[in-house]
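95 is the number of the first residue of the sequence shown in my numbering; add one for each residue after it.
This report concerns only the one structure given below.
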Amino acid sequence: MDEMTVKKENTEMRIEFDKFNSDIFGIVMGNVVGIPDSIRSEDVNNIIYTAKEKGYQHLNMKVPTASKKATNILLQSGFRLVDTQLVYRLSTKSISCNLLDNIEYRKFENKDRLQIGCIARDAYSLDQFHSDDKLPKHRCDKYYIEWINNSCDGFADKVMVLSQADTVVGYITVKYKEDNSAVVGLAAIGKSFQRRGYFTYLIGQTLQMLYEERIYYLFYGTQLANEPVLHVMSKYFGIPVFSNHVLHLMI
95 MDEMTVKKEN TEMRIEFDKF NSDIFGIVMG NVVGIPDSIR SEDVNNIIYT AKEKGYQHLN
155 MKVPTASKKA TNILLQSGFR LVDTQLVYRL STKSISCNLL DNIEYRKFEN KDRLQIGCIA
215 RDAYSLDQFH SDDKLPKHRC DKYYIEWINN SCDGFADKVM VLSQADTVVG YITVKYKEDN
275 SAVVGLAAIG KSFQRRGYFT YLIGQTLQML YEERIYYLFY GTQLANEPVL HVMSKYFGIP
335 VFSNHVLHLM I
């Protein structure tokens, strides 16, 4: 399906077909981008009408949290607020992280794939997909299984794991940027190992690794409702750099 554009009085919004999400959820899904600050109800109605004409069944929009007018217009047009996301910037300099006994921080190996997939299936519940009651939970779980599999197959520049003997405790995926920074794609700790300091350790070890590679900033996105992650971001002096509301519409 081709990208579509709706223009009106210098306002432009585009619906980009999301093949990955569409394949996972079994419906035609699109992401609305190019949302103007001066968005009007007519613009939203136009994009919804065009989406229906082109066969879209689900739309996703991200709006800066400061854009209260845009958020209210979208809510009045039938969109539902499913998530509020924060992105933190963490400096990799001067990070100290005490070693944990019997825990190894290492590169992903193919033998870890099944355990990593199980962690991905069970670890996420606060994200935009699990928060959307119009989407089946098993499809939401599959979304993260496929994402981590793709990361292990090369979508991520690096996949690191925490392991205890033959058990994978958690993982983190990283993509490098050109400005000596990196972005976390996914990170999770297995349910039976949560709230025991492993996530703090995972982030600390990753920051140290990146600093040794001369990568000086790490960007980490999370949900406003994810208090354990917010606590770790604070521990490592993370600075919130931007935030978005995520809104969905099932057509």
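Cβ coordinates follow ideal geometry from the N, Cα and C atoms, glycine included.
Q: Since I believe Leu343 is in contact with Phe173 (beta carbons under 8 Å), could you give me their beta-carbon distance rounded to a whole number of angstroms?
A: 5 Å
Q | C-beta atoms of Thr294 and Lys329 nearer than 8 Å | A | yes
Q: Could you check what DSSP says for Phe336 in three-state terms: helix, strand or coil?
A: strand
**Q.** Beta-carbon spacing of Ile109, Val138 below 8 Å
**A.** no
Q | Span of the alpha helix (DSSP H) around Pro322 | A | 321-329
**Q.** Distance CB(Thr159)-CB(His339) smaller than 8 Å
**A.** yes
Q: Go through its chain and collect everything with a Cβ distance to Asp235's Cβ below 7 Å, but skip five positions before and after it.
A: Arg215
Q) For the stretch 107-147, which segments carrying the beta strand (DSSP E) assignment without a break, of at least 3 residues, lie completely within its bounds, in sequence order? A) 123-127
Q) How would you write the range of the alpha helix (DSSP H) that Ile348 sits in, first residue to last? A) With the chain running from 95 to 345 in the structure shown, residue 348 is simply not present.
Q | Whole-angstrom distance between Asp195 and Val127, CA atom to CA atom | A | 46 Å
Q) Helix, strand or coil: how does DSSP classify Gln151 here? A) coil
Q. Just reading off the alpha helix (DSSP H) that Ala282 is part of, what are its end residues?
A. Per DSSP, Ala282 belongs to no alpha helix (DSSP H); it is in the beta strand (DSSP E), 275-283.
(Q) I'd like the span of the alpha helix (DSSP H) that includes Phe287, first residue to last. (A) Neither: Phe287 is in no alpha helix (DSSP H) and is coded neither H nor E.
Q. Within 10 angstroms of its Cβ, does His232 collect 16 or more other Cβ (buried), or is it exposed?
A. exposed
Q: Output the distance between the C-alpha atoms of Lys162 and Thr316, rounded to the nearest integer angstrom.
A: 20 Å
**Q.** Residues near Cys191 in its chain [Cβ-Cβ closer than 7 Å; skip 5 each side]
**A.** Tyr295, Gly298, Gln299, Gln302
Q) Just to confirm, are Lys285 and Ala217 a CB contact at a threshold of 8 Å? A) yes
Q: Please state if the CB of Ile239 and the CB of Gly264 are separated by a distance shorter than 8 Å.
A: no
Q: Go through its chain and collect everything with a Cβ distance to Thr267's Cβ below 6 Å, but skip five positions before and after it.
A: Ser245, Ala250, Val253, Gly279, Leu280
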